[in-house]
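The opening position of the sequence shown corresponds to residue 25 in my numbering, with each subsequent residue numbered one higher.
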Amino acid sequence: MKIVIIGGAGEMGSVAVEYLATKPECQEIVIADYDYEAAVKLKKGLANPKVSAVYVDVTDKPVLMEVIKDA
25 MKIVIIGGAG EMGSVAVEYL ATKPECQEIV IADYDYEAAV KLKKGLANPK
75 VSAVYVDVTD KPVLMEVIKD A
């Protein structure tokens, strides 16, 4: 299962990412955030190959739709 956490580098989103990273049924977790540096920092801190980070501006609908595709 692919899960995209929009705002995943924020306070609540990062807790969700950390929790989901421990679940075997979550095969891919995408930290989607406007603060790309924070998303990458969280990804590196988790050191989990199923976690990735992407830059997302939620006001850019085409990009947002591409990120959440197949989630």
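Ideal placement from N, C-alpha and C gives every residue a C-beta, glycine not left out.
Just how far apart, CA to CA, sit Y43 and E49?
12 Å
In angstroms, rounded to a whole number, what distance separates the CA positions of I30 and K93?
13 Å
For a test of the three-state rule: what should DSSP assign to Y58, helix, strand or coil?
coil
Which residue marks the beginning of the beta strand (DSSP E) containing K85, and which one marks its end?
Looking at the DSSP string, K85 is not in any beta strand (DSSP E); the run it does join, the alpha helix (DSSP H), is 85-92.
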